[in-house]
Amino acid sequence: MSDAASAVLPHDGRTEPRPTVKLLPDGVMGMLLFVFTEAMLFAGLISAHTIVKSGAAGQMWPPFGQPRLPVEETALNTAALLMSGIVLVFAQLAYRRRASRALGPLLVSVVLGMFFVVFQGVEWVALIGEGLTLQSSSYGGFFYLIVGTHAVHAIGAIACLAWAWLRLRAGRLTPAQFGTVQVLWYFVVLVWPVLYLRVYL
Amino acid sequence: MTARKWLPVLALVLVAAFPDQAHACAVCFDPRAENRFAFLATTVFLSLFPLSLVGGVGLWLRRRARELYGPSSGGDETDFVER
């Protein structure tokens, strides 16, 4: 019998469970549940978009007179976001070896994420200038709703990544905290290609 | 049971037998086949997606529990220490 098990032995003859290792840290589990609800939000938005697109008048999508979305430029931006996710994997691997080694890759991941959001902002300004607004058509409405919802998630996740980086620099980032932040960022990264395929192409 | 008591049952059967007459939503019953297919496909997607999410994590947790508490690890989560 191990010392750990002996330490929990009661003195009244009853049996007690032996100490167990947690399957998942509480933070990661909580973030997973949050991500599931957000995944359903995006699933609903994509479904609504699919139905409206299929029922578009004259099967014209984008509708007549509406500007086309910048497919090629956004493909580049998509690559930057995917790269950010890959760099975060490297950050995790480095963190396992020695925590301080993750500082560089984590910062690169944050910067690539910020690039993605800023690029989106520039894209939006150009599209608004071309006449695509929330009210211009259901095409514009869905575009800003879906992409905007993702952008809000991206900004929140970047803030979490930056918070993790600051804690890591101070030597106070725990593996559970790092795992929790990673779950959110991987969600933001992985949901985007789906949105890109459905909304842009 | 009198014939009058059977009337609600008969009405229910008639409604069930003619579901097309009960369609009220223009999206759910669009004359265009493409739109009807999109509605069906998204209904299936929205029905199965949450189940696959929860099921996937459930299976993953089960596998992880086996790794942590399985026979090779020397015990499981229901393993009680007796004095």
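Chains as they are written, first to last, in this note's numbering: chain A, 1 to 201; chain B, 1001 to 1083.
Don't be surprised by glycine CBs; every beta carbon is placed ideally from N, CA and C.
Owing to the predicted nature of the structure, the values given are computational and were not obtained by experimental measurement.
Could you tell me the alpha carbon to alpha carbon distance between residue i and residue j, rounded to whole angstroms?
i: Arg-1064(B); j: Leu-32(A); result: 16 angstroms
i: His-150(A); j: Ala-75(A); result: 16 angstroms
i: Gly-121(A); j: Met-114(A); result: 11 angstroms
i: Tyr-139(A); j: Val-188(A); result: 23 angstroms
i: Gly-131(A); j: Pro-67(A); result: 7 angstroms
i: Thr-37(A); j: Pro-63(A); result: 31 angstroms
i: Met-203(A); j: Gly-1058(B); result: Examination of residue 203(A) is not possible in this model, given that chain A is present from 1 through 201 alone.
i: Ala-79(A); j: Gly-30(A); result: 29 angstroms
i: Leu-93(A); j: Phe-1049(B); result: 30 angstroms
i: Ala-1104(B); j: Gly-129(A); result: Only positions 1001 to 1083 of chain B appear in this structure, which leaves residue 1104(B) out of reach.
i: Gly-104(A); j: Arg-169(A); result: 10 angstroms
i: Ala-126(A); j: Tyr-95(A); result: 40 angstroms
i: Val-194(A); j: Trp-1060(B); result: 23 angstroms
i: Pro-1071(B); j: Leu-24(A); result: 20 angstroms
i: Val-28(A); j: Ala-1016(B); result: 47 angstroms
i: Arg-198(A); j: Phe-119(A); result: 19 angstroms
i: Ala-54(A); j: Ala-99(A); result: For the sequence presented, residue 54(A) should be read as Ser rather than Ala. Between Ser-54(A) and Ala-99(A), the C-alpha separation is close to 50 angstroms.
i: Gly-141(A); j: Leu-45(A); result: 11 angstroms
i: Glu-1067(B); j: Tyr-186(A); result: 24 angstroms
i: Arg-1032(B); j: Ala-56(A); result: 11 angstroms
i: Phe-34(A); j: Ile-158(A); result: 16 angstroms
i: Val-1013(B); j: Ala-1003(B); result: 15 angstroms
i: Val-191(A); j: Ile-155(A); result: 14 angstroms
i: Arg-172(A); j: Trp-165(A); result: 10 angstroms
i: Val-110(A); j: Leu-145(A); result: 24 angstroms
i: Asp-26(A); j: Phe-178(A); result: 12 angstroms
i: Cys-160(A); j: Leu-69(A); result: 30 angstroms
When we look at the beta-carbon of residue i and count the other beta-carbons within 10 Å, is it buried (16 or more) or exposed?
i: Phe-1045(B); result: exposed
i: Ala-42(A); result: Checking the sequence shown, residue 42(A) turns out to be Phe, not Ala. By the neighbour-count rule (16 or more Cβ atoms within 10 Å), Phe-42(A) is buried.
i: Lys-22(A); result: exposed
i: Ser-47(A); result: buried
i: Phe-143(A); result: buried
i: Gly-1055(B); result: exposed
i: Thr-174(A); result: exposed
i: Leu-88(A); result: buried
i: Thr-1042(B); result: buried
i: Lys-1005(B); result: exposed
i: Thr-180(A); result: buried
i: Trp-163(A); result: exposed
i: Gln-135(A); result: exposed
i: Pro-1008(B); result: exposed
i: Val-71(A); result: exposed
i: Leu-201(A); result: exposed
i: Phe-1018(B); result: exposed
Taking the alpha carbon of residue i as the point to measure from, which residue in the options has its own alpha carbon closest?
i: Leu-184(A); options: Arg-198(A), Gly-141(A), Gly-85(A) and Gly-171(A); result: Gly-85(A)
i: Met-83(A); options: Val-108(A), Ala-176(A) and Leu-69(A); result: Val-108(A)
i: Ser-137(A); options: Pro-70(A), His-49(A) and Val-194(A); result: His-49(A)
i: Ser-1052(B); options: Leu-45(A), Ala-39(A), Lys-53(A) and Ser-54(A); result: Ala-39(A)
i: Ala-102(A); options: Ala-56(A), Leu-112(A), Trp-192(A) and Phe-90(A); result: Phe-90(A)
i: Arg-1036(B); options: Thr-133(A), Ile-51(A), Val-71(A) and Arg-172(A); result: Ile-51(A)
i: Asn-77(A); options: Leu-106(A), Glu-123(A) and Leu-145(A); result: Glu-123(A)
i: Val-152(A); options: Arg-167(A), Val-117(A) and Gly-65(A); result: Val-117(A)
* To do: Could you run through the stretch 45 to 72 of chain A and flag, in chain order, every residue whose CB is less than 7 angstroms away from some CB of chain B?
  => Ser-47, Thr-50, Ile-51, Ser-54 and Gly-55
* Asked: In chain order, what residues of the stretch 1036 to 1053 of chain B put their CB closer than 7 angstroms to some CB of chain A?
  -> Ala-1038, Phe-1039, Thr-1042, Phe-1045, Leu-1046, Phe-1049, Pro-1050 and Leu-1053
* Positions along the stretch 29 to 40 of chain A whose CB lies within less than 7 angstroms of some CB in chain B -> Leu-32, Phe-36, Ala-39 and Met-40
* Residues of the stretch 1054 to 1071 of chain B with Cβ closer than 9 angstroms to any Cβ of chain A, in chain order -> Answer in chain order: Val-1054, Val-1057, Leu-1061, Arg-1064, Ala-1065, Leu-1068 and Tyr-1069.
* To do: Residues of the stretch 170 to 199 of chain A with a CB closer than 8 angstroms to any CB of chain B: list them in chain order, please.
  => Correct list: empty, as no residue qualifies.
* According to a CB-to-CB cut-off of less than 9 angstroms, which residues of the stretch 83 to 112 of chain A neighbour chain B? -> none
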